[in-house]
Each structure stands twice: as C-alpha cells, then as structure tokens.
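Engineer: Handing you a structure now.
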Amino acid sequence: MTARDAGPVRGLDDGEAHLWWVCPDEVEPTQLERGRRLLTAAELDRVSRFRRASDRRSCLVTRILLRTTLSRYVEVAPERWRFRANAYGRPEIDSPACPLRFNLSHTEGLIVCLVSRERDVGVDVEATTRPHRGLEVAERYFSPREAAALRATGASVQPERFLQFWTLKESYIKARGLGLAIPLAAFTFELDQRPGSPIRLHTEPSLDDDPARWQFTLERLGAGHLVATAIEGRGGPEVAIVRRQATEIVS
Numbered sequence: 004m005t006a007r008d009a010g011p012v013r014g015l016d017d018g019e020a021h022l023w024w025v026c027p028d029e030v031e032p033t034q035l036e037r038g039r040r041l042l043t044a045a046e047l048d049r050v051s052r053f054r055r056a057s058d059r060r061s062c063l064v065t066r067i068l069l070r071t072t073l074s075r076y077v078e079v080a081p082e083r084w085r086f087r088a089n090a091y092g093r094p095e096i097d098s099p100a101c102p103l104r105f106n107l108s109h110t111e112g113l114i115v116c117l118v119s120r121e122r123d124v125g126v127d128v129e130a131t132t133r134p135h136r137g138l139e140v141a142e143r144y145f146s147p148r149e150a151a152a153l154r155a156t157g158a159s160v161q162p163e164r165f166l167q168f169w170t171l172k173e174s175y176i177k178a179r180g181l182g183l184a185i186p187l188a189a190f191t192f193e194l195d196q197r198p199g200s201p202i203r204l205h206t207e208p209s210l211d212d213d214p215a216r217w218q219f220t221l222e223r224l225g226a227g228h229l230v231a232t233a234i235e236g237r238g239g240p241e242v243a244i245v246r247r248q249a250t251e252i253v254s
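So for the sequence shown, my numbering puts the first residue at 4; every next one is plus one.
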C-alpha cells in the first residue's frame, strides 16, 4: 500500500451499501476526546464555529464517524483521510485513492453515514417531530404532481408524507452531487403506500438522467427519525441496505 492507494476494500460487497448511524448525545466524552485528535486543524476550526454546544457536538461526531467508518473497510488510519468538496459542495475522498463512496446527513438526535463501493449514494435523515410548513413548501418548490399528491393526503398523515417526499428529494440531489443546482420541481417521486411497492422517480429531460439507474429506500430509524437513501443501482440486482449502529465511533 502506498500513500496514494488505500489498498483493498474488505467487508463491503459490491451489492451492498452500509448505513451507519449514531446518536450524538450518547457518545461518551472519552470517545469525543480521542476522536478529536483524528481531525485536521481545518475540521476542528469548523467545529468551533458553531454557536450552540449541541451543534458543535454534532459536527464533531459527524467528522469522527466518517473517518473511523471508512477505516473499517480499508487499512488506512482514520487520521490519514483527506477530503475535498466538489464544485457543488458534496464532500468526497481526496486521498488516499479509494473506491469507497459516502454521504452524510444529520438532524436533531441522529447522524447517518451511507457507504458504498464505487456507487454514487445520497442519504437524508429528518426528525419526525421537527416543525415544518409542509404543504406551503411543496406548493412552492415541489413538482406539481408531488404537491397535488400532498394536497390529496389526509391532514393526519400529511406531515409524514411531506417528510417522505422531502428526504427522498434530498437523497437524490445529494447522490447526483449537484445540490440545489437541480431544481426540486424538475423531478417527481411517486409513492405507493402498499407494502413492498417500489419508489418511482420521474425526471425532466433537462436533468439528463435515467431514473432506472437509481434505487431508493425510505424507512424509519427508531421512533423519531425518517431516513431516505438513493443508490446508483445501474439497472442491476437490488442493492442491499445493511444498517449498522456505531456503538463506539472510535475503537
């Protein structure tokens, strides 16, 4: 293994994507202190810029989780990873060279990290108790079909249906690596609430994308969080999502 090559990947099959999760408030202070030593000066500066202690903790845990998670799959010390942001702000591995892809998301009480092997991925997590103006947001930013579907939903389940659309749309634009350069109204998710029904994506020609190359999941994680994933499926067999709780973010 050289400084430019992370070496072989272990424990992650091509047909899998691993969803790691951790509750930041449950991370022991000793874990935080040990993990802090793995971060670069720029990362530590970024952590310190948050005003609220809870936000500083969340940012710190996120950065530690990413480094130690990647090192579970290749023989690279967690402190050796270097990252870059693409032109639209998506974080990616800069060095060592590695076939792993990842995406991060966090909300109140939960941080998630989705990892794959040479497949573009996106993940979004939202707290189901978080207040929002669902229908107002949908009318302004979602596709007409999504807004209509939300209007047709009963008031009691409308908040959750909005979060389903929102997390899926976030996961897709993050997987594409283009952020809000993709207009939220330029693609539509079709949700069928029957068990086992696939989540369907429809895109406008301007996005230059084939919806069939993507696989989506939508699920609860614990009682208070909703997680959506977007995975580049390449039109092949379904990619298995494996949940893994990071009980210790630093070994």
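For glycine and all other residues, C-beta sits at the position ideal for the given N, C-alpha and C.
Every value quoted in this text rests on a predicted model; they were computed, and no experiment measured them.
Alpha carbon to alpha carbon, how far is residue 202 from residue 195? Give it in angstroms, no decimals.
Structural biologist: Note on geometry: alpha-carbon atoms of residue 195 and residue 202 lie some 7 Å from one another.
Engineer: On the DSSP bridge assignment, give the partners of residue 168 in chain order.
Structural biologist: Partner residues in a beta bridge of residue 168, as assigned by DSSP, do not exist.
Engineer: Please report the distance separating the alpha-carbon of residue 59 from that of residue 132.
Structural biologist: 21 Å
Engineer: Return yes when the Cβ of residue 115 is within less than 8 Å of the Cβ of residue 230, no when it is not.
Structural biologist: yes
Engineer: Give me, in chain order, the residues of the same chain whose beta-carbon lies closer than 7 Å to that of residue 101; leave out the 5 immediate sequence neighbours on both sides.
Structural biologist: 9, 77
Engineer: Taking the alpha carbon of residue 113 as the point to measure from, which residue in 145, 239, 24, 42 has its own alpha carbon closest?
Structural biologist: 24
Engineer: Under a Cβ-count criterion, where at least 16 other Cβ atoms within 10 Å of its own Cβ denotes burial, should residue 137 be classed as buried or exposed?
Structural biologist: buried
Engineer: Going by the CB atoms, is the gap between residue 95 and residue 242 shorter than 8 Å?
Structural biologist: no
Engineer: Given a threshold of 16 other Cβ atoms within 10 Å of its Cβ, counted over all protein chains shown, does residue 127 qualify as buried or as exposed?
Structural biologist: By the neighbour-count definition (other C-beta atoms within 10 Å, threshold 16), residue 127 is a buried residue.
Engineer: DSSP on residue 143, reduced to helix/strand/coil?
Structural biologist: helix
Engineer: Taking the DSSP output, what are the residues bridged to residue 105?
Structural biologist: 118
Engineer: Locate the alpha helix (DSSP H) running through residue 71, then write down its first and last residues.
Structural biologist: 56 to 73
Engineer: Measure the C-alpha to C-alpha separation of residue 118 and residue 12 and round it to an integer number of angstroms.
Structural biologist: 12 Å
Engineer: At what residues does the alpha helix (DSSP H) containing residue 38 begin and finish?
Structural biologist: 32 to 39
Engineer: Rounded to whole angstroms, what's the CA-CA distance from residue 84 to residue 176? Just pull it up for me.
Structural biologist: 25 Å
Engineer: How big is the Cα-Cα spacing for residue 5 and residue 152?
Structural biologist: Low confidence applies to residue 5: its pLDDT is 40, below 50, so where it sits in the model is not reliable enough to give any reading.
Engineer: Grouping DSSP H, G and I as helix and E and B as strand, with all else coil, what is residue 4?
Structural biologist: Reliability fails at residue 4, whose pLDDT of 40 lies under 50, so the model's placement of it is uncertain and the value that follows must be treated cautiously. Here residue 4 sits in coil by DSSP.
Engineer: Using the rule of at least 16 other Cβ atoms within 10 Å of the residue's Cβ for burial, across every protein chain shown, is residue 82 buried or exposed?
Structural biologist: exposed
Engineer: For residue 109, count the other beta carbons within 10 Å of its own beta carbon; 16 or more makes it buried, fewer makes it exposed. Which is it?
Structural biologist: buried
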